[in-house]
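Asker: According to our numbering, the residues represented by the sequence shown are 3 to 145, in order.
Even for Gly, the Cβ is constructed at its ideal location relative to N, Cα and C.
Sharing a structure below in structure tokens format, with a few things to ask.
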Amino acid sequence: SLSSTCCGSTEVVMMLCALLLRNPPLSHLNLNNTGLTDDSLTLLAESLIHNSHLSSLCLSDNLLGDSSAHEVAVTLADRNKLHHVDLRSNRITPKGLYVLIHSSTVHGRVTRLELSGNHVTPRQQRELLTLVEDLALVGTVVL
3 SLSSTCCGST
13 EVVMMLCALL
23 LRNPPLSHLN
33 LNNTGLTDDS
43 LTLLAESLIH
53 NSHLSSLCLS
63 DNLLGDSSAH
73 EVAVTLADRN
83 KLHHVDLRSN
93 RITPKGLYVL
103 IHSSTVHGRV
113 TRLELSGNHV
123 TPRQQRELLT
133 LVEDLALVGT
143 VVL
């Protein structure tokens, strides 16, 4: 597990990218509550794609929005070992959540996608839950 308390800083993100590009045998990356923004995740995304060992990624309690959701969806498409992604309590709207849910369906490797605590109304959450049920992802996607 790798954790940081200041990943919102560009310098720290760049150091983390350099580390990930070396492909260390890191199976879990915990960046919970580190101040990550959409810009910092854009920098990290390509490094995540190139790391062949990572199976679990925690990005909860940050400042990530829909563009980060798209970056994670692309990462899920390109990564064959990433099975667990935690994006709880960010700023992702239903649009970004929809992209993530569909990405987990298309690529079928995700065993757990945690999305609760994002920016959705109760009505939008019900609609997303219906989508999760329709796609047979109950137990895989947590809203």
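1) Report the residue from T12, Q126 and G119 whose alpha carbon sits nearest the alpha carbon of N92.
2) Please report the Cβ distance between S62 and N34, rounded to the nearest whole angstrom; I am assuming they are in contact, meaning their Cβ atoms lie under 8 Å.
3) Hey, out of D136, T36, L28 and S29, whose CA is closest to V14's CA?
4) Check whether the stretch 136-145 touches the stretch 106-115, counting contact only when three or more Cβ pairs, one atom from each stretch, lie closer than 8 Å.
5) Would you give the residue range spanned by the alpha helix (DSSP H) that S58 belongs to?
6) For L65, which three-state DSSP category applies?
7) According to DSSP, what are the bridge partners of E116?
8) Give me the residue from T12, S29, L21 and I51 with the minimum Cα distance to V76.
9) Have a look at L38 and L46 and give me their C-alpha separation to the nearest angstrom.
10) With DSSP as the reference, please indicate the residues paired to L31 in a beta bridge.
11) Cα separation between L43 and H86?
12) Quick one: Cα of L31 to Cα of E135, how far?
13) Rounded to the nearest angstrom, how far is the Cβ of L78 from that of N53, given a contact under 8 Å?
Answerer: Quick answer:
1) The residue given as residue 92 occupies position 90 in the sequence shown. Residue G119 is the option with its Cα nearest to N92.
2) Position 60 of the sequence shown, counting from 1, holds the residue named residue 62. Position 32 of the sequence shown, counting from 1, holds the residue named residue 34. Yes, they are in contact, since the Cβ atoms of S62 and N34 sit about 5 Å apart, within 8 Å.
3) If you number the sequence shown from 1, residue 14 lands on position 12. Taking only the C-alpha atoms, the option nearest V14 is T36.
4) yes
5) To locate residue 58, count along the sequence shown from 1; it is residue 56. Premise fails: S58 lies in the beta strand (DSSP E), S58 to C60, not in any alpha helix (DSSP H).
6) On the sequence shown, residue 65 is found 63 positions in, with the first residue counted as 1. DSSP places L65 in strand when its eight states are reduced to three.
7) Here the question's residue 116 lines up with position 114 in the sequence shown. Bridge partners of E116: D88 and V144.
8) Position 74 of the sequence shown, counting from 1, holds the residue named residue 76. With distances taken between Cα atoms, V76 lies closest to I51.
9) Here residue 38 corresponds to residue number 36 of the sequence shown, with the count starting at 1. Here residue 46 corresponds to residue number 44 of the sequence shown, with the count starting at 1. Cα-Cα distance, rounded: 10 Å.
10) Working through the sequence shown from its first residue, we reach residue 31 at position 29. In DSSP, L31 forms a bridge with L59.
11) For the purposes of this step, residue 43 is taken as residue 41 along the sequence shown, with counting starting at 1. For the purposes of this step, residue 86 is taken as residue 84 along the sequence shown, with counting starting at 1. Each residue's Cα considered, the two are about 17 Å apart.
12) Taking the sequence shown and counting its residues from 1, the one referred to as residue 31 is at position 29. Taking the sequence shown and counting its residues from 1, the one referred to as residue 135 is at position 133. Their backbone Cα atoms lie some 29 Å apart in a straight line.
13) Residue 78 sits at position 76 when you count from the first residue of the sequence shown. Residue 53 sits at position 51 when you count from the first residue of the sequence shown. That pair is no contact at about 13 Å.
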